[in-house]
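Asker: Residue numbers (our numbering): 276 to 381.
Below: one structure in structure tokens.
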Amino acid sequence: MERIEEYLEAILDIQEKEKRAARTGDLARMLNVKPSSVTEMLLKLSKMGYVDYKPYYGATLTEKGKEIAMRIKRYHMIFEMFFRDFLGIDKDEAHRLSCELEHHVN
Numbered sequence: 276m277e278r279i280e281e282y283l284e285a286i287l288d289i290q291e292k293e294k295r296a297a298r299t300g301d302l303a304r305m306l307n308v309k310p311s312s313v314t315e316m317l318l319k320l321s322k323m324g325y326v327d328y329k330p331y332y333g334a335t336l337t338e339k340g341k342e343i344a345m346r347i348k349r350y351h352m353i354f355e356m357f358f359r360d361f362l363g364i365d366k367d368e369a370h371r372l373s374c375e376l377e378h379h380v381n
């Protein structure tokens with residue numbers, strides 16, 4: 276489930292920042308994977324009901340997918356603030372630790 280959540284979070288980031296669908300190349304660069312792996316995952320996410328995927332156009336989150344992506348981002352922000360503000364961990368390390376923990380909370 277962790278890999279699925281990473282894709283959903285990346286798609287949300289692109290949708291929010293770029294105001295468009297997440298393209299295969301965008302996701303491949305962000306997640307450091309091959310475009311063919313992205314296409315395979317987008318097809319899987321589409322079957323699961325998390326994204327609307329159109330080849331050569333890109334993917335957008337469904338409400339179900341957006342709910343998961345926003346939950347993961349919220350956990351990330353909470354963990355990052357905790358590590359940085361309460362434990363005094365530097366920003367980069369706090370971010371790295373938050374990326375690891377965000378997928379293990381329900």
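Beta carbons: idealized from backbone N, C-alpha and C, even for Gly.
With 16 as the cutoff for other CB atoms within 10 Å, does residue 281 come out buried or exposed?
Answerer: Looking at its Cβ environment, which holds 16 or more other Cβ atoms inside 10 Å, residue 281 is buried.
Asker: Measuring CA to CA, which of 323, 316, 343, 346 is closest to residue 333?
Answerer: It is 316.
Asker: Comparing C-alpha positions only, which one of 339, 323, 298, 350 sits nearest to residue 329?
Answerer: 298
Asker: Assign residue 309 to one of three DSSP states: helix, strand, or coil.
Answerer: coil
Asker: Check whether the Cβ atoms of residue 340 and residue 283 lie closer than 8 Å to each other.
Answerer: The answer is yes: Cβ separation under 8 Å.
Asker: Comparing C-alpha positions only, which one of 290, 276, 331 sits nearest to residue 337?
Answerer: Checking every option, the nearest Cα to that of residue 337 belongs to 290.
Asker: Across which residues does DSSP place residue 327 in a beta bridge pair?
Answerer: Paired residues: 335.
Asker: Residue 279 to residue 320, Cα distance in whole Å?
Answerer: 8 Å
Asker: Take the Cβ of residue 325 as the centre, count every other Cβ of all protein chains shown within 10 Å, and call the residue buried at 16 or more, exposed below.
Answerer: buried
Asker: Look at the Cβ atom of residue 359, then the Cβ atom of residue 366, and state whether they are nearer than 8 Å.
Answerer: yes
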